[in-house]
Amino acid sequence: AQSVTQLDSQVPVFEEAPVELRCNYSSSVSVYLFWYVQYPNQGLQLLLKYLSGSTLVKGINGFEAEFNKSQTSFHLRKPSVHISDTAEYFCAVSARTGNQFYFGTGTSLTVIP
Amino acid sequence: DTAVSQTPKYLVTQMGNDKSIKCEQNLGHDTMYWYKQDSKKFLKIMFSYNNKELIINETVPNRFSPKSPDKAHLNLHINSLELGDSAVYFCASSLQGRKSYEQYFGPGTRLTVT
């Protein structure tokens, strides 16, 4: 089975500052990796995904993530955050041969004006 | 166009009642899921159906019963509701057999049991 650890439950950051949300995964097989965002009182929306190829993945709203196989990490970054980025962010992993997602416990990003 | 829709959006009911939540997707996906999100935002998979066949059935009380009349619909029926069932329930769908496996989520149903 797979598992995901999101190391920070809450991340406050000032507007226009850079941010990194950390995600580490555990798996004995090859995986796909995802970041989802959940705005208040809404469902989850896909930010970006890593399937194969380039380890630097660009997503929507200026976010990007880097897959690091040796460190089993998939950290999410944005060089300059906006107030509208305030949301809950979830990292998820699935085995390439499976159909089940394993979600992390989420990181609450709060952007301070 | 709504990709994954759920009804109702809010559901307030008393302990002991039976209720259903409906989910529909118009993406042509063949796999659908139910998740429960608790007050701490933790997402837990409950069930998954592929082409109307149950493929994931996590440790969930027997009071919860999913039903998939066709590939586009997955409903969740809950018997004898308890206070601990209060949560947000999300439906999701995906297309197996493709390389992406990404899941598309509905807006959620906030269930409050009093």
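Residue numbers (my numbering), protein chains in the order written: chain A, 162 to 274; chain B, 1318 to 1431.
Cβ coordinates follow ideal geometry from the N, Cα and C atoms, glycine included.
Owing to the predicted nature of the structure, the values given are computational and were not obtained by experimental measurement.
Cβ closer than 7 angstroms: which chain B residues qualify as neighbours of residue i?
i: residue 168 of chain A; result: Simply none; closest approach about 16 angstroms.
i: residue 264 of chain A; result: 1360
Of the residues the options, which one's Cα is nearest the Cα of residue i?
i: residue 221 of chain A; options: A:209, A:191 and A:162; result: A:209
i: residue 1407 of chain B; options: B:1359, B:1413 and B:1344; result: B:1359
i: residue 270 of chain A; options: A:200, A:162, A:164 and A:187; result: A:200
i: residue 170 of chain A; options: B:1423, B:1357, B:1399 and B:1413; result: B:1357
i: residue 1333 of chain B; options: B:1343, B:1325, B:1398 and B:1353; result: B:1398
i: residue 163 of chain A; options: A:187, A:253 and A:252; result: A:187
i: residue 1324 of chain B; options: B:1361, B:1392 and B:1343; result: B:1392
i: residue 1410 of chain B; options: A:250, A:252 and A:262; result: A:262
i: residue 195 of chain A; options: A:215, A:228 and A:181; result: A:228
i: residue 241 of chain A; options: A:223, A:234, A:215 and A:230; result: A:223
i: residue 245 of chain A; options: A:237, A:272 and A:179; result: A:272
From the DSSP output, in three-state form, read off residue i for me.
i: residue 1412 of chain B; result: coil
i: residue 1355 of chain B; result: coil
i: residue 1400 of chain B; result: helix
i: residue 246 of chain A; result: helix
i: residue 185 of chain A; result: strand
i: residue 202 of chain A; result: coil
i: residue 222 of chain A; result: helix
i: residue 1335 of chain B; result: coil
i: residue 1387 of chain B; result: strand
i: residue 1418 of chain B; result: coil
In chain B, what lies closer than 9 angstroms to residue i by C-beta?
i: residue 247 of chain A; result: Going along chain B, no residue has its Cβ under 9 angstroms from residue 247 of chain A, so there is no contact; the nearest lies around 14 angstroms.
i: residue 251 of chain A; result: 1358 and 1360
Listing by chain order, which chain B residues have their CB less than 8 angstroms from the CB of residue i?
i: residue 261 of chain A; result: 1362, 1365 and 1373
So which residues of chain A does residue i contact, with C-beta pairs closer than 9 angstroms?
i: residue 1325 of chain B; result: Ordered by position in chain A, no residue passes the 9 angstroms Cβ test against residue 1325 of chain B, which lies about 14 angstroms from the chain.
Check distances from the C-beta atoms of the region 187–221 of chain A to those of chain B and list, in chain order, the residues that come in under 7 angstroms.
193, 195, 203, 204, 205, 207, 210 and 212
Could you please tell me which residues of the region 1335–1348 of chain B, in chain order, have their CB closer than 9 angstroms to any CB of chain A?
Contact residues of the region 1335–1348 of chain B toward chain A are 1348 (C-beta to C-beta distance below 9 angstroms).
Selection of the region 1369–1397 of chain B by Cβ proximity to chain A, strictly under 8 angstroms
1372 and 1373
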